[in-house]
Amino acid sequence: MTKKTIKVDYLARVEGEGGLYIKMKDDAVVDVKLKIFEPPRFFEGLLRGRDFQEAPDITARICGICPVAYQMSAVHAMENALGVKVEGPLRDLRRLLYCGEWIESHTLHIYMLHAPDFLGYPDAIKMAKDHKEIVERGLKLKKAGNQIVSLLGGREIHPINVRVGGFYKVFSKKDFEPLIETLKWARDAALETVRWTAQLPFPEFEQDYEFVALHHPEEYPFNEGRIVSSEGLDIDCSDYEQHFQEEHVEHSNALHSVLKKRGAYFVGPMARYSLNFDQLSPMVREAALEAGLGRECRNPFKSIVIRSIEVLYACDEALRILESYEKPERPFVSVEPREATGFSCTEAPRGILYHHYRLDGQGKILDAKIVPPTSQNQKTIENDLWKFVPQHIHLAQEELTWQCEQAIRNYDPCISCATHFLKLDIERT
Amino acid sequence: MMARKSKPKVAVWKFASCDGCQLSLLDCEDDLLAVSQEIEIAHFPEASRAVMKGPYDLSLVEGSITTPHDAERIHEIRKSSKFLITIGACATAGGIQALRNFKDVNDFISIVYATPDYIDTLQKSTPISDHIKVDFELRGCPIDKMQLLEVISAFINGRKPNTPAHSTCIECKRRGTVCVMVAQGKMCMGPVTHAGCGALCPSYDRGCYGCFGPQETTNTGSLSTQLKKLGADDDEIVRTFRGFNAYAEPFRKESELHDKENH
Chain A
0 MTKKTIKVDY LARVEGEGGL YIKMKDDAVV DVKLKIFEPP RFFEGLLRGR
50 DFQEAPDITA RICGICPVAY QMSAVHAMEN ALGVKVEGPL RDLRRLLYCG
100 EWIESHTLHI YMLHAPDFLG YPDAIKMAKD HKEIVERGLK LKKAGNQIVS
150 LLGGREIHPI NVRVGGFYKV FSKKDFEPLI ETLKWARDAA LETVRWTAQL
200 PFPEFEQDYE FVALHHPEEY PFNEGRIVSS EGLDIDCSDY EQHFQEEHVE
250 HSNALHSVLK KRGAYFVGPM ARYSLNFDQL SPMVREAALE AGLGRECRNP
300 FKSIVIRSIE VLYACDEALR ILESYEKPER PFVSVEPREA TGFSCTEAPR
350 GILYHHYRLD GQGKILDAKI VPPTSQNQKT IENDLWKFVP QHIHLAQEEL
400 TWQCEQAIRN YDPCISCATH FLKLDIERT
Chain B
0 MMARKSKPKV AVWKFASCDG CQLSLLDCED DLLAVSQEIE IAHFPEASRA
50 VMKGPYDLSL VEGSITTPHD AERIHEIRKS SKFLITIGAC ATAGGIQALR
100 NFKDVNDFIS IVYATPDYID TLQKSTPISD HIKVDFELRG CPIDKMQLLE
150 VISAFINGRK PNTPAHSTCI ECKRRGTVCV MVAQGKMCMG PVTHAGCGAL
200 CPSYDRGCYG CFGPQETTNT GSLSTQLKKL GADDDEIVRT FRGFNAYAEP
250 FRKESELHDK ENH
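Pasting the structure below:
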């Protein structure tokens, strides 16, 4: 009988603190734990007693990588509670801001966190010694996303221009002009990124996931839509808690989220793509098919190609918005506090992000509930490793450990978010 | 200037935080590869799986101390670092998670977690300087990436960083933004907040909300008087000072003066 463990004490190239522990006995996996030791920060608790208008700024601080997602879910949940609908150019500007965050966050992951695994480098800086032009293209593309967020949001990290009802300040068409040239370059660079990632070496690893994402009949989802799944789920965001529940497990400071009676599910770019292929713009659909993708994708290692497709879409969509943009008369719609409950789900770069608030008559927050994408994927990541390790058990320890890390990075896990939410041990017994 | 034979070894460390401040380094898209020519990135898990052992010439520390394990870990990092800089409001003031310091943390644990026994946390979220000697503190929630480059560049060249300590108010005057408090009656923390963001919020038609924490010498009482004139009640003043730098002393003391629950 042989015993073996794979241990990664501190997972690299993910956002936040976690590790992995895998225990094996006679080449069979007997335990997989994605450990989350990121210290808890208790956001739901500290939101109590705060004004509804403070929620977008406070919840942004849950995650420095995807603050726009937190701001978007917060404002939509508050507007849902207070009976306000933001439409027209203000709605378009919110999509534009989200495009910026998807470009910035996905490009960071594609070039700096994920690609080094495929090419055998510890990081993008070492990768740049042999692939300088590629890394430089990645950095410039990432910058294009950040330029959208900086102009419209005020700064890349924790933007200051988002409020319940709209924005503090809106810009004229002329102010956005410099972005148009940048985004035309970015769209070309994103297309090159799709072609570059499509030829990377992928292990065979098709899985039978239940995909969950927002779906909107007329557009690829950012801020609005019903929650749908590949197994027929089709619900309004306000019914989220009737179908999903969070479980607290001992090895993690993050709560595991499951579909009631069905278990693990999959959120993020691959789920969004597979449930919304027809909503992509024609040039993006064409690029996807040309890259060898089908209308859906079930190999998580190919998520790097899907992220590239979404970057291409976000550049294309941002250009569409800017070309038809007319400055709104007022930067925001007035919002009056009242006793109410509100729900929202939006598509963060890593998947659906759920917010639920209960307000008193003065607009003070009585309760808050936030479910980030990574805690929804945590169980699916562990399930992948249960299947991946036995298929690659012949590999040397160092090689197997690295590939297990890569399997986790497929999800672009954001542990800072999930702590409410990685350390990697593989133990062979 | 110190003579330099090899590139200085730089380490990046994380405690309780959102990752945004260390991300600022990766957000230096135009300068990242140039910076990596000047320094050896020896420990930066968010960017690299290669880890070099200490000692390190420079440690950048993000996040606040919130667990017994982290309270020990920071001492080990200090021992292995020649020069240690804290980056951001969590590391310099305890961050937004320091709002727990005004309440009983056990109430918060039971709000978020169904099985509170699994959670190991301290009563208070505290800044790094409460635990070890810190050589320089860079403010902001998040930090400004140009200031981060300035601090790294100053370290490499053995000089003092040029990061002005005056108020955000002065930054507004310098860029010529019309005062949002005087002209529009908006509440603004600019008069008591440390410079660094370039007075961003007023340039977007909103009042400053104090991301960079208190400036060196503040008159928080005078600001509270002004906020009252603008119609703020005590509860609103408490919330104004209890933001991302709530536990920084001048802001903490001012909020406590207006907190009826504690008087």
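So the sequences go chain by chain: A and B.
Residue numbering for the first sequence follows numbering that gives the first Met the number 0, beginning at 0 and increasing consecutively.
Residue numbering for the second sequence follows numbering that gives the first Met the number 0, beginning at 0 and increasing consecutively.
The C-beta atom is built at its ideal place from N, Cα and C for all residues, glycine as well.
In this text the structure is predicted, and so the values were computed from the model without any measurement.
- Using a Cβ-Cβ distance cut-off of 8 Å, the region 96-103 of chain B and the region 237-252 of chain B are in contact, since at least three pairs of beta carbons, one from each stretch, lie closer than that value.
- Counting only the Cα atoms, residue 356 (chain A) lies some 7 Å from residue 365 (chain A).
- For the pair residue 68 (chain A) and residue 273 (chain A), the Cα-to-Cα distance works out to about 21 Å.
- Of the candidates A:367, A:184, A:276, A:318, the residue whose Cα lies closest to the Cα of residue 57 (chain A) is A:367.
- Residues of chain A whose Cβ lies closer than 9 Å to the Cβ of residue 65 (chain B) are, in chain order, 38, 39, 40.
- Under the 9 Å criterion on CB atoms, residue 104 (chain B) is classed as interfacial with respect to chain A.
- Under the DSSP assignment, residue 24 (chain B) falls in the alpha helix (DSSP H) whose first and last residues are 19-25.
- By the rule that beta-carbons nearer than 9 Å mark a contact, residue 160 (chain A) touches chain B.
- The Cβ-Cβ distance between residue 51 (chain A) and residue 89 (chain A) does not fall below 9 Å.
- For the C-beta of residue 124 (chain A), the chain B residues within less than 8 Å are, from N- to C-terminus, 31, 32, 35, 40, 46, 47.
- Residue pairing for residue 50 (chain A): DSSP places it in a beta bridge opposite A:363.
- In terms of beta-carbon proximity, residue 9 (chain B) stays away from the interface with chain A, with every pair separated by 9 Å or more.
- Between residue 266 (chain A) and residue 300 (chain A), the C-beta spacing is not below 9 Å.
- Around the beta carbon of residue 390 (chain A), fewer than 16 other beta carbons sit within 10 angstroms, so the residue counts as exposed.
- Annotated as distal: residue 213 (chain A) and residue 306 (chain A), with beta-carbon spacing of 9 Å or more.
- Residue 79 (chain B) does not reach chain A, its nearest Cβ partner there being about 15 Å away, counting only Cβ pairs nearer than 9 Å.
- Where residue 23 (chain A) is concerned, there is no enclosing alpha helix (DSSP H), although the beta strand (DSSP E) around it starts and stops at 17-24.
- Just measuring C-alpha positions, the residue of A:29, A:370, A:191 sitting nearest residue 139 (chain A) is A:191.
- Residues of chain B with a Cβ closer than 8 Å to the Cβ of residue 121 (chain A) are, in chain order, 47, 48, 49.
- DSSP places residue 92 (chain B) in the helix class (H, G or I) of the three-state scheme.
- Under DSSP, residue 31 (chain A) takes part in a beta bridge, and its partners are A:21.
- DSSP places residue 124 (chain B) in no beta strand (DSSP E); its state is neither H nor E.
- Every unbroken stretch of the beta strand (DSSP E) spanning 3 or more residues and falling wholly within the region 190-238 of chain A is given here in chain order: 211-214, 225-228.
- For residue 217 (chain B), the three-state secondary structure derived from DSSP is coil.
- For residue 84 (chain B), the enclosing beta strand (DSSP E) has its first and last residue at 80-86.
- Close partners of residue 50 (chain A) in chain B (Cβ separation under 9 Å): 235, 238.
- Assignment of beta-bridge partners to residue 67 (chain A) by DSSP yields no partner.
- For the region 52-77 of chain A, the set of positions with a beta-carbon nearer than 9 Å to some beta-carbon of chain B reads 53, 56, 57, 59, 60, 61, 62, 63, 64, 66 in chain order.
- For residue 58 (chain B), the enclosing beta strand (DSSP E) covers residues 55-61.
- Identification of residues in the region 119-134 of chain B having a C-beta nearer than 7 Å to some C-beta of chain A yields 120, given in sequence order.
- When 8 Å is used as the limit between beta carbons, residue 13 (chain B) is near these residues of chain A: 15, 16, in chain order.
- Beta-bridge partners of residue 353 (chain A) (DSSP): A:344, A:370.
- Bridge pairing for residue 244 (chain A): A:257 [DSSP].
- Sequence-distant partners of residue 69 (chain B) (beyond 5 residues in either direction) whose C-beta falls short of 6 Å from its own C-beta, in its chain, are 14.
- Annotation for residue 142 (chain A): no beta strand (DSSP E) segment contains it, though the alpha helix (DSSP H) segment containing it runs 131-152.
- Spanning the alpha carbons of residue 385 (chain A) and residue 309 (chain A) requires a straight line of approximately 29 Å.
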